[in-house]
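Protein sequences, first through last, are from chains A and B. Here the first sequence stands for residues 3 to 386, numbered as in our numbering. Here the second sequence stands for residues 5 to 599, numbered as in our numbering. The C-beta atom is built at its ideal place from N, Cα and C for all residues, glycine as well. Source: prediction; values computed, not measured. Here is the structure we will look at.
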Amino acid sequence: MSKYLNYHSPFGIYIHIPFCESKCNYCDFYSIKYKKKYVNKYMDFLIKEIELYSKKLKNKKVKAIYLGGGTPSLLTPSEIEKILNIIYSNYTVLEDIEISMEANPESLNENKIKEYKISGINRLSLGVQSFLDNELKFLGRIHNVKKSISVINNVKKYFDNFSLDLIFAIPDQKLEDFKYSLNKSIEFNPKHISLYNLQIEKGTPFYQMLKEDRITEITEELDYKMYNFAINELKKNGYQHYEISNFAKQDYHSKHNLLYWNYKPYLGIGPSAHGFNGKNRYYNIKDIASYINKLAKNEFPIKEIINLTQKELISEMMFMGLRLISGVSKKDFQDRFDITINEVYEDTIKKLKKEGLIKENEQNIYLTKKGINLGNVSFSEFLL
Amino acid sequence: MDCQHIRNFCIIAHIDHGKSTLADRLLEYTNTIADREMKEQVLDNMDLERERGITIKAQAVRINYNQYELNLIDTPGHVDFSYEVSKSLAAAEGALLVIDAAQGVEAQTMANIYLALENDLEIIPIINKIDLDSANPQMVKEQLLEIGIDPDEAILTSAKEGTNIEEVLNAVIDRIPAPEENREKPLRALVFDSVYDSYQGVIAYVRVVDGKVKVGDHIKMMANKNKYEVDELGVFNPTMTAVDNLEAGEVGYIIAGIKDVRNCRVGDTVTLSDNPAPEPLPGYKKVKPMVYSGLYPSDNNDYNLLKDALEKLQLNDASLLFEPETSEALGFGFRCGFLGLLHMEIIQERLEREYDIDLITTAPSVIYKVETEDGEHLEIENPADFPEQNEIEVIKEPFVEATIHVPEEYIGSIMELCQENRGQFIDMQYVDESRVALKYKMPLSEIITDFFNQLKSKSRGYATLDYDMIGYEEANLVKLDILVNKEPVDALSTIVFEEDAHYEGQKLVRRLKKLIPKQMFKVPVQAAIDNNIVARVNIPAKRKDVLQKCYGGDVSRKRKLLEKQKEGKKRMKKVGKVDIPQEAFMAVLERDEDE
């Protein structure tokens, strides 16, 4: 039986801020149009949810907080401070806690950046996405390159730790276009860079455009070239490729996201947020009104709790862990499941090694360079 | 009932002209069935039939009306089942010919009229759907005149609205001759359909032509001489109702402990074993499948499941043949024989739907007759079994006479299509002012590969097709082999016309490139004739397949994605090192977008 039950080890708190000024063409996360009065009401119940969990949990050691969205930077620094204060007063916040916030350049100015820092945020993740205006427009972003640049320069004054998010594999994007945006990002010398290839998800404007043949996805070959150019270029510039989509300077790996990949617990707060206690997963109601109604009745706004079997836990630890370039720790696996990886996956490991997709050493099982590019092939093989 | 008060009739019609609806109204009007029992179209009782709007199994219902016993014999409505149609017709003395008042006479109408005339049936023309805005009964009457049927005898109906149903019933009584009174002769009963019931065994639908049969009689099937004792006799009114005996002129069913429909085939004659008739009724033939294809479970573990399912289907369908077959590529499966493409599709669909088996189907094939250098005569229904090219002396393939009815504006494109499919023009005649009947001699193999779909698309759905076997003729054919990753895939072999072989090879490998997903390595796909490569494409190696998005801790979503990927892979067949999806084995039937 699995150990680490019920937030046994220090955990993360993901907080979803479901407000946006406008919806991007590729985004399928839950969000609603920003309105001040919604935010006020939402804040009350968000806080209530945080308090409800604190009453329920025995262990309250928090090692990372992540404000994601939506657009968390639509909340004022004092609103952010209010949320963090609630956490500080209800949980045991570890001293070296990472407190990340996603931010859209359009919603930032120097003063706000300074105030966020004062409120307690110690890591900003900036959704710059591209350094070409035509691409930003196509993606449906409301900021432009000029704004990004001024924001990054201001962020640098107050934040040592910030990340730039880039999207690539945009329809019609040329390799040169992506190289430009990547090099531009590197010029700012951020501690962290995330790279996501564009996924066209159901229910988004892009999905509709694709169906109507108004856009075409870029070829697998070009996607491959962009990604592998980035891997090399970032390495040259002192970034460690530590997870499939993430690159960071030494000691600046995202602590919160590492909880996901190391299959450690995290609370999910806010509508549509996902949580994991080390044994079961749950996710919250999406619709903000229903979310509020639940909490008004002092009930958890949970849509579904997913009880995971031992097999499911094992599979998930593998396909999440293999996303890390260092791979899955054999010792962690055995500590957790009282059986070794090699016992569970003897044939799979043999097969994938033969195909050149994974390697292993004394400590870890990890993806090869080829395996990183073909991650899903390996991940699906580890499903039990 | 004395013969003077019996009428046996069937309804013939082109698909969708309202045959089943008219049958429903006749049953309703005569209170044979109460409204509340009335499912829409009572006679079509299989789901698949309802969905496709066609009748597969013939049935018979007794209607009591004004002291008369009217037996309505339903007929299947598709060319694949024309033998069953002809036997249903042989069980009757008259036919209601239903014609859609808006559509007029169609290919199948004609085919059915000919069958009815062959069986010497009295034809009562019914112009149906007169409620439609587009109805044009006058046009239909003119068409009737052209095909030699007196338009003044036509009855105008709207089966949907129940108009003139009484007139139809009276015409059946007045115009259709009573059956002959041959009750003193030895028993001869025509089997015009049979179904299998898991409790009672085979239920044979019969028309007693001569003599009589009663419960307890010992009967003999004249085709294979098997003997049985009659357990139950009955009629359908419309549910099964037992009776003590059936006499010449009557229509009903016999249950006699027959365990297999193959022992009670359509067209067979039932007689008494202690007083047998000297001759069976004319026209019995064992229906031979014309189209063959390989059916394989996509999961090899389902082999026995598939076998059981085929056996169960065969209980009700004597024309379905199957025998075990092994393919290097697909493993263990069955080579199955079907009456035609529709029959094949119906069986496949039933296997997948009713028995929940994932199937891999190979492209349909006809039976080729091959004479080898050594003087051997082979009948080959699986292209993979063809001898080497240099061992073959002669190949013969089945030819049909295809009759295509089409509005005149499509003549050009349909003639072109026939020629592309090796059709030889025989005849063209105007059926009426705007429609023609085209006759072509064509290889059956061309008809069973997508011809019908193309015919429909090139005529915007207006063309209809009917065909009759002519016989075997020599043809210049070669086997086209497909190699995937340098290994021949037996299940992808096809027989093609030699002149087209290179072109067909190129087309096929191009289609396979679209259908076979990228693998972890480059996969060459080649077409070969007699071990010579005639076409090649490469499927490039898959280089990138990784989900990069984080989804904010939503592990479920990642998991679902991976599970879908795993499931997709499971549904493919591993041939050598290559995963090939099910659709690829039907690639011969696919059409390229640019074609």
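Determine, using beta carbons only, whether residue i comes closer than 7 Å to chain D.
i: residue 376 of chain A; result: This model lacks chain D altogether; the protein chains it does include are A and B.
Give the secondary structure of residue i by DSSP, where H, G and I count as helix, E and B as strand, and everything else as coil.
i: residue 153 of chain B; result: coil
i: residue 136 of chain A; result: helix
i: residue 44 of chain A; result: helix
i: residue 287 of chain A; result: coil
i: residue 245 of chain A; result: strand
i: residue 534 of chain B; result: coil
i: residue 216 of chain A; result: coil
i: residue 17 of chain B; result: strand
i: residue 286 of chain B; result: coil
i: residue 507 of chain B; result: helix
i: residue 412 of chain B; result: helix
Quick check on the DSSP output: the alpha helix (DSSP H) that includes residue i runs from which residue to which?
i: residue 174 of chain B; result: 169 to 179
i: residue 415 of chain B; result: 415 to 424
i: residue 462 of chain A; result: Given that chain A is displayed from residue 3 to residue 386, the structure contains no residue 462 of chain A and the question cannot be resolved.
i: residue 90 of chain A; result: 79 to 92
i: residue 358 of chain B; result: 345 to 358
i: residue 27 of chain B; result: 23 to 33
i: residue 158 of chain A; result: 147 to 160
Give the interface partners of residue i over in chain A, defined as CB-CB distance under 9 Å, in chain order.
i: residue 549 of chain B; result: 222, 375, 376, 377, 378, 379
i: residue 524 of chain B; result: 357, 358, 359, 372, 376, 379
Residues of chain B with a CB under 9 Å from the CB of residue i: which are they?
i: residue 276 of chain A; result: 555, 556, 557, 558, 559, 560, 561
i: residue 280 of chain A; result: In chain order: nothing, as chain B lies at least about 12 Å away.
i: residue 324 of chain A; result: Per Cβ cutoff of 9 Å: no residues; residue 324 of chain A is ~10 Å from chain B at best.
Roughly how many whole angstroms lie between the Cα atoms of residue i and residue j?
i: residue 318 of chain B; j: residue 355 of chain B; result: 12 Å
i: residue 199 of chain B; j: residue 517 of chain B; result: 44 Å
i: residue 169 of chain B; j: residue 360 of chain B; result: 42 Å
i: residue 328 of chain A; j: residue 375 of chain A; result: 15 Å
i: residue 18 of chain B; j: residue 468 of chain B; result: 10 Å
i: residue 78 of chain B; j: residue 85 of chain B; result: 13 Å
i: residue 34 of chain B; j: residue 167 of chain B; result: 14 Å
i: residue 23 of chain A; j: residue 102 of chain A; result: 21 Å
i: residue 336 of chain B; j: residue 575 of chain B; result: 16 Å
i: residue 358 of chain A; j: residue 461 of chain B; result: 48 Å
i: residue 162 of chain A; j: residue 125 of chain A; result: 8 Å
i: residue 52 of chain A; j: residue 15 of chain A; result: 9 Å
i: residue 20 of chain A; j: residue 76 of chain A; result: 10 Å
Mind checking which residues open and close the beta strand (DSSP E) that includes residue i?
i: residue 339 of chain B; result: 335 to 342
i: residue 521 of chain B; result: Note, residue 521 of chain B: premise wrong, no beta strand (DSSP E); not H, not E.
i: residue 125 of chain A; result: 125 to 131
i: residue 106 of chain B; result: Premise fails: residue 106 of chain B is in no beta strand (DSSP E) and is neither H nor E.
i: residue 117 of chain A; result: It is not in any beta strand (DSSP E) - residue 117 of chain A instead sits in the alpha helix (DSSP H) that spans 112 to 121.
i: residue 329 of chain B; result: 325 to 331
i: residue 379 of chain B; result: Careful: residue 379 of chain B lies outside any beta strand (DSSP E) and carries neither H nor E.
i: residue 198 of chain B; result: 192 to 201
When you compare the CB of residue i with every CB in chain A, is at least one pair closer than 7 Å?
i: residue 566 of chain B; result: yes
i: residue 552 of chain B; result: yes
Quick one: which chain A residues come within Cβ less than 7 Å of residue i?
i: residue 569 of chain B; result: 378, 382
Taking only beta-carbon positions, decide if residue i is within less than 7 Å of chain B.
i: residue 6 of chain A; result: With a pLDDT of only 44 at residue 6 of chain A, under 50, the local geometry of the prediction cannot be trusted, and the value read off the model is given with reservation. It does not; no Cβ of chain B falls within 7 Å.
i: residue 53 of chain A; result: no
i: residue 48 of chain A; result: no
i: residue 100 of chain A; result: no
i: residue 16 of chain A; result: yes
i: residue 246 of chain A; result: yes
i: residue 205 of chain A; result: no
i: residue 137 of chain A; result: no
i: residue 70 of chain A; result: yes
i: residue 201 of chain A; result: yes
i: residue 364 of chain A; result: no
i: residue 40 of chain A; result: no
For a contact meaning CB atoms closer than 7 Å, what does residue i contact in chain B?
i: residue 122 of chain A; result: Result: empty, since nearest Cβ-Cβ is about 21 Å, beyond 7 Å.
i: residue 385 of chain A; result: 566, 567, 570
Cβ closer than 8 Å: which chain B residues qualify as neighbours of residue i?
i: residue 225 of chain A; result: 548
i: residue 197 of chain A; result: 552
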